[in-house]
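Sequence lines, in order, name chains F and U.
Offset between the first sequence (1-based) and the numbering used here: plus 18.
Offset between the second sequence (1-based) and the numbering used here: plus 394.
A virtual CB, placed ideally from N, CA and C, is assigned to each residue, including glycine.
Let me begin by presenting the structure, written as C-alpha cells, before commenting on it.
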Amino acid sequence: MDYDLGADAVELRKRLRDLISTHIPEGFLGACTDDPKDLTTTESFCKLLASDGLLALAWPKEHGGGGGSIWQQTVLREEMWAHHEPRGAQYMGINWVGPALMRYGTAEQKTRHLSAIASGEVIWCQGFSEPEAGTDLASLRTRAVPDGDGWRVTGQKVWTSYAQMASWCVLAACTDPNAPKPKRLSLFLVPMDRPGITVRPIRSMLGPHHLNEVFLDGIEVFADEVLGEVGDGWRVMREALAFERVGIARYARCESLLDRMQTDLGDDWDRLPESIRARWVRALIDLRVARLLAYRAVSLQHDPSAGAAASAARIATTTCDQQVAELLFDVLGPSALDSGTSARLHGAVEDHWRYAQAATVASGTIEVQRMLVAREALGDHG
Amino acid sequence: MNTALPEDITEFAAVAAKRFARFGGPQAALRAETEEHLRDEARSALADLGAFDLDVRSSADDLLAAAVLCQAAGAAALPYPLAEEVLAIDGARLALVNPEAPRIDHGDLAGEWIAADLDGTRYHVQPSSRTSAKLGPFLVPATLTGPDGTVPAADVDTHLTLGSWRILGALQQALEITRQHVTTRMQFGKPLAEFQAVRFTIADASVAVRGLFELAKFTISRPESTAGQVRSADALVLRLKAADTARQVLRTAHQLLGALGFCDESDVSVLDRHTQPLIRLPVSSEMLALRLMPGVRGGQLETLFSEPVAAEPV
C-alpha cells in the first residue's frame, strides 16, 4: 500500500504549474465569463497543451493522445480544475466524446473527429437534457423521424453548456418511441451550424455559456452521423459517461482557493474568529478525504465496485465544494458579494460560490449518487 | 499508488475477526462489564494472534498489522487496551490523557501504566477504580504526578492513529448491523430499506465510513521520510475525522434501529457505549481542531498546494 503518484505524475504536476504560471493571466476564472479574451486564452492554451501531448493525455498515442498513466491523468484533472480549467470548453470533447468515438465510432468518424479534438481545434457540446427529461434521460422527447437515408430531428434541449461556442454536438434523440425504454434512443454527431439549430443562452447565476437552450427544428441528420448503433444510444451514453465516472476534481479548486486565501490574508488569518479557523481545519480534512476517495475510485476503475466508489467520491467532493464556498464567504464577510477583478482573489471566491451551487446538480445529482451508493450497500430494495 | 490493503494483512484481519467472534464479540464485551475474567480472555485472544509481538515502532508491516487488529477489536468492542499495550514503555502500558481530567480506559487492569498528554509530556499515573459508568464502562479516573520527561512524538501519533483504526472498526460494524436491520425489518408492509429517506441516510453513513477508511489507510502508510510534524498533524487529522464520523454514524445507527439500538442486547448499544472514551478522549474533537490550526499556515496540515515542511533536525 502506498500513496505515491509516481515520479512521472509529480513531474507532470510541476510542468503544468509552470505552464499555467507562464501562459495563464493572473485572475483568470475560466472560459465562461463575459470577457472574450478568456475564451481566447483557453484556445491558445489548449493548442499549447496539445502540442505537448497533454491535452488528450489519457488517449492512446495513435489518436493524438499522450498515453499517460491513470495517475498522470489524475494530476492533469487536479491541476486544470484547480486553475479554473484553462482547457475551457475542451473538457467534454477530451473526456468523453473522444473516448466514446474510439469505442463506438466508425473509421470515418474517428478520422474526422479524433485528431481535431486532440489538437484542441473543436469544441463539443452535449445535447442530452430536455425540459422534461433531466436525470431520467431515457424519457427524452426529441424525435428523430426517418427521412430518406437519414432522419429529421425535432425537439428542444436545455442546460446545454458551451452550445454557443461549440462547433459539434452529441445529440440524443428518440428514434423509436414504441421500443422498450433502453432501445428508444440514438446518438448523432451533428455540426452546430446545421440549418434548423437555434441556440438561446439562458441567463443564470452560474455565468455566461454554462446554460443554453438548443432548439431543433426538423434538422437533417445523416446515417453516417450515428454514433454506435441506431437504438443503442442509451447504452452508449451510459458507458461513455462512465469514462468520466470520477468526475471533476473539485477538491483541487477548493484546496487551491483556501491556499490562495490564506496567503492573501497573511497574519490576518490568525485573527479570524476561532470558529472560522476550526471550519477551515475541518474543510481541509474533508478535502483530503474527498481526494482519497477519488484516488480509490481511480484505482478501482476496472473493478465491479468502481461505480459506487466513484459515487462516494462525487458525494464527498461536491459537498466539499459547497462547504468551502460558504467558508470563504464567511471569511470575506461584507466583501463576499464583491465580484470582478477588483474583488478579493480577482473575484474567484464569488465565482466559486456561484458555480458551487451546481456542484450537487450537474453531471448526475447528489440524489442519484446516493441511490447508487445505497444500491451497493442495500441491494435493489426500492 | 496502491490504495488496497495487502492480501496478507487482509487475511490477518479476517483471522482476527474470527478469533474475536469466538471470544464472543460485543456481547462478551458487555458481560465483561461484570465478569472480570473476560478481559483476561480478551488478552489471551490477542496473544493468540501475536498482538504483543508486534513491533509497531520500527516495522511498517507490524504497524499495519496492529492497525487492522485494532480495527477488528473495534468491531468486536474487545474489552482490552490493545493500542496502550503494544505501545508499552518498559513494560508499562502507555495511556494518552488530558492532564486536566485524566481518565484511563481499562486503567484498573493489573500492571503498570504511564501517561502522556498530546504534547508528549510524560507523567506517573495512579489509576483508581471503575465508576460503573454507562458510557465507557471500563474508564477509570486517575491521578497524575510529574511531569516526568517526555515520550517520543511518534508514540503519541501512533497511539492516536491506532485508536482511530479502532473507532473505524466499531463504525464499520455499526453500519453493517444497521444495514442488516433495515433490509429485514418490515414496516408498513415493506423493508425499511425500501424507503428512500432510509436509503439516503445509509448512503451518507456509507460515504462517511468509506472516507474514514481511506484516510486511515493513507495515514498509516505515510513513508518514513515524511516530516515528523506532518505525521503528527496527520494523526490529529485522522482522530478528528474518526470522532466526527463516529458521531454521525452512531447517530444514524441509533435512529434506524429505533428503540432496539438503545438496548444492550443490540451490539450497537455496546459498540457505542464502549467506544465513547476513544471518541471523547484524551480531548474533544474541537480541541483537536484547535491543535491543528497552526498547521494550516505552517504547512504541517498538508494539501495539494502547501509548501513542503522540512524534516526537523534529529
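Legend entry - Short CB-CB distance (under 8 Å) between Tyr180/F and chain U: Position 162 of the first sequence holds residue 180/F. At a cut-off of 8 Å between C-beta atoms, Tyr180/F does not count as an interface residue with respect to chain U.
Inset, instruction - Express the C-alpha separation of Asp56/F and Gly84/F in angstroms, rounding to a whole number. - result: On the first sequence, residue 84/F is found 66 positions in, with the first residue counted as 1. On the first sequence, residue 56/F is found 38 positions in, with the first residue counted as 1. Spanning the two alpha carbons is a distance of roughly 26 Å.
Legend entry - Beta-carbon spacing of Ala312/F, Leu318/F below 8 Å: As a working note, residue 312/F is residue 294 in the first sequence. As a working note, residue 318/F is residue 300 in the first sequence. Not in contact: Ala312/F and Leu318/F (Cβ atoms no closer than 8 Å).
Inset, instruction - Return the CA-CA distance between Leu698/U and Tyr373/F, expressed in angstroms with no decimal places. - result: Start at 1 with the first residue of the second sequence, and residue 698/U comes out as number 304. Start at 1 with the first residue of the first sequence, and residue 373/F comes out as number 355. Linking Leu698/U to Tyr373/F through their CA atoms gives a straight-line distance of about 21 Å.
Legend entry - Glu478/U versus Trp507/U, Gln465/U and Leu458/U, residue with shortest Cα-Cα distance: In the second sequence, counting from the first residue as 1, residue 478/U sits at position 84. Proximity to Glu478/U across Trp507/U, Gln465/U and Leu458/U peaks at Trp507/U, based on C-alpha coordinates.
Inset, instruction - Classify Cys193/F as buried or exposed, calling it buried when 16 or more other Cβ atoms lie within 10 Å of its own Cβ. - result: By one-based count along the first sequence, residue 193/F stands at place 175. It should be noted that the sequence gives Thr, not Cys, for residue 193/F. Residue burial is scored here from C-beta neighbours: Thr193/F has at least 16 other C-beta atoms within 10 angstroms and is therefore classed as buried.
Legend entry - Short CB-CB distance (under 8 Å) between Ser274/F and chain U: Here residue 274/F refers to the residue found at position 256 of the first sequence. So yes, Ser274/F belongs to the interface.
Legend entry - Three-state secondary structure assigned by DSSP to Leu30/F: Position 12 of the first sequence, counted from the start, is the residue given in the question as residue 30/F. Under the three-state reduction of DSSP, Leu30/F is assigned to helix.
Inset, instruction - List the DSSP bridge partners of Lys584/U. - result: Looking up residue 584/U in the second sequence gives position 190. Among the bridge pairs identified by DSSP, Lys584/U is matched with Gln581/U.
Inset, instruction - Return the chain-ordered list of same chain residues with a C-beta closer than 7 Å to the C-beta of Thr595/U, the five sequence neighbours on each side being excluded. - result: Translated into the one-based positions of the second sequence, residue 595/U becomes position 201. The residues are Thr646 and Leu650.
Legend entry - Bounding residues of the beta strand (DSSP E) (the contiguous stretch that carries Lys79/F): Within the first sequence, residue 79/F is the residue found at index 61, counting from 1. Counting along the chain, Lys79/F falls outside any beta strand (DSSP E), and DSSP gives it neither H nor E.
Legend entry - Residue range of the unbroken alpha helix (DSSP H) whose run includes Thr216/F: The residue labelled residue 216/F in the question sits at position 198 within the first sequence. Run containing Thr216/F: none in the alpha helix (DSSP H); it sits in the beta strand (DSSP E), Ile215 to Pro219.
Legend entry - Any non-hydrogen atom of the ligand HEM closer than 7 Å to Val409/U Cβ: Because no ligand of any kind appears in the structure shown, any question about the ligand HEM cannot be addressed here.
Legend entry - Partner residues on chain U for Asp20/F, Cβ-Cβ distance less than 8 Å: Numbered from 1 along the first sequence, position 2 holds the residue referred to as residue 20/F. Under a criterion of Cβ atoms nearer than 8 Å, the residues of chain U adjacent to Asp20/F are, in order, Met395, Asn396, Ser615 and Pro617.
Inset, instruction - Could you please tell me which residues of the segment 400-411 of chain U, in chain order, have their CB closer than 7 Å to any CB of chain F? - result: Taking 7 Å as the Cβ-Cβ cut-off against chain F, the residues of the segment 400-411 of chain U that qualify are Pro400.
Inset, instruction - Mind reading off the beta-carbon distance from Pro496/U to Ala536/U? Whole number of angstroms is fine, and I expect it under 8 Å. - result: Taking the second sequence and counting its residues from 1, one reaches residue 496/U at position 102. Taking the second sequence and counting its residues from 1, one reaches residue 536/U at position 142. So it is a contact: roughly 4 Å between Cβ atoms.
Legend entry - Cβ-based burial, Leu538/U [other Cβ within 10 Å; buried from 16]: By one-based count along the second sequence, residue 538/U stands at place 144. The C-beta of Leu538/U has 16 or more other C-beta atoms within 10 Å across all chains shown, which makes the residue buried.
Legend entry - Contact list for Ala330/F against chain U, beta-carbon separation under 8 Å: Counted from its first residue, the first sequence places residue 330/F at position 312. Ser600, Val601, Arg604 and Gly605, listed in chain order.
Legend entry - Beta-carbon spacing of Val462/U, Ala568/U below 8 Å: Within the second sequence, the letter at position 68 stands for residue 462/U. Within the second sequence, the letter at position 174 stands for residue 568/U. Cβ distance not < 8 Å, so Val462/U and Ala568/U don't count as in contact.
Inset, instruction - Return no unless some Cβ of chain U is closer than 8 Å to the Cβ of Arg314/F. - result: Residue mapping note: residue 314/F aligns to position 296 of the first sequence, counting from 1. It does; some Cβ of chain U falls within 8 Å.
Inset, instruction - Please confirm if the segment 160-173 of chain F is in contact with the segment 131-144 of chain F, defined as three or more CB-CB distances below 8 Å between the two stretches. - result: Counting Cβ pairs under 8 Å, fewer than three are found: no touch.
Inset, instruction - With 8 Å as the threshold, decide whether the Cβ of Ile303/F is near any Cβ in chain U. - result: Along the first sequence, read from residue 1 onward, the residue named residue 303/F stands at position 285. Chain U contact via Cβ: present.
Inset, instruction - Using the DSSP secondary-structure output, state which residues sit across from Asn230/F in a beta bridge. - result: Along the first sequence, read from residue 1 onward, the residue named residue 230/F stands at position 212. Asn230/F pairs with Pro219/F.
Legend entry - Complete runs of the alpha helix (DSSP H) confined to the segment 43-129 of chain F [at least 4 residues]: The segment 43-129 of chain F contains these whole alpha helix (DSSP H) runs: 54-69, 88-100 and 116-122.
Inset, instruction - Kindly indicate which three-state DSSP category Val708/U falls into: helix, strand or coil? - result: Walking along the second sequence from the start, residue 708/U turns up at place 314. Confidence is the limiting factor: at Val708/U the pLDDT is only 49, short of 50, which leaves the residue's position unreliable and the question unanswerable from this model.
Inset, instruction - Would you decide whether Thr572/U is buried or exposed? Buried here means 16 or more other CB atoms lie within 10 Å of its CB. - result: Position 178 of the second sequence, counting from 1, holds the residue named residue 572/U. Buried, because 16 or more other Cβ atoms sit within 10 Å of the Cβ of Thr572/U.
Inset, instruction - Name, going along the chain, the residues of the segment 75-99 of chain F whose beta-carbon falls closer than 8 Å to a beta-carbon of chain U. - result: Cβ proximity to chain U below 8 Å picks out Trp89 and Glu96 from the segment 75-99 of chain F.
Inset, instruction - Using beta-carbon positions only, say whether Ala301/F and Leu229/F come within less than 8 Å of one another. - result: Residue numbering aside, residue 301/F sits at position 283 when the first sequence is read from its first letter. Residue numbering aside, residue 229/F sits at position 211 when the first sequence is read from its first letter. Contact flag unset, no.
Inset, instruction - May I ask you to list, following chain order, the residues of the segment 689-708 of chain U that have a beta carbon less than 9 Å from some beta carbon of chain F? - result: Hits within the stretch, in order: Gly689, Val690, Arg691, Leu695, Glu696, Thr697, Leu698, Phe699 and Ser700.
Inset, instruction - Taking only beta-carbon positions, decide if Val342/F is within less than 8 Å of chain U. - result: As a working mapping, residue 342/F is identified with position 324 in the first sequence. With a threshold of 8 Å between beta carbons, Val342/F makes no contact with chain U.
Inset, instruction - State the DSSP-derived secondary structure class of Glu385/F, mapped to helix, strand or coil. - result: One-based indexing of the first sequence puts residue 385/F at position 367. Reduced to three states, the DSSP call for Glu385/F is helix.
Inset, instruction - Compare the C-alpha of Arg625/U against each of Ala466/U, Leu609/U and Val576/U and name the closest. - result: The sequence position of residue 625/U within the second sequence is 231, counting from 1. Residue Leu609/U is the option with its Cα nearest to Arg625/U.
Legend entry - Met687/U and Val299/F closer than 8 Å at C-beta: If you number the second sequence from 1, residue 687/U lands on position 293. If you number the first sequence from 1, residue 299/F lands on position 281. Their beta carbons are under 8 Å apart, which means Met687/U touches Val299/F by this criterion.
Legend entry - Strand pairing of Leu533/U, partner residues [DSSP]: Here the question's residue 533/U lines up with position 139 in the second sequence. According to DSSP, Leu533/U bridges with Asp499/U.
Inset, instruction - Taking Ala76/F and Gly86/F to be in contact with their CB atoms under 8 Å, please state how far apart those CB atoms are, rounded to whole angstroms. - result: Counting from 1 along the first sequence, the entry for residue 76/F is found at position 58. Counting from 1 along the first sequence, the entry for residue 86/F is found at position 68. Yes, Ala76/F and Gly86/F are in contact; Cβ-Cβ is about 6 Å, under 8 Å.
Legend entry - Three-pair Cβ contact test at 8 Å for the segment 332-347 of chain F versus the segment 376-391 of chain F: Two segments are said to touch when three or more pairs of C-beta atoms, one from each, lie closer than 8 Å; by this definition the segment 332-347 of chain F touches the segment 376-391 of chain F.
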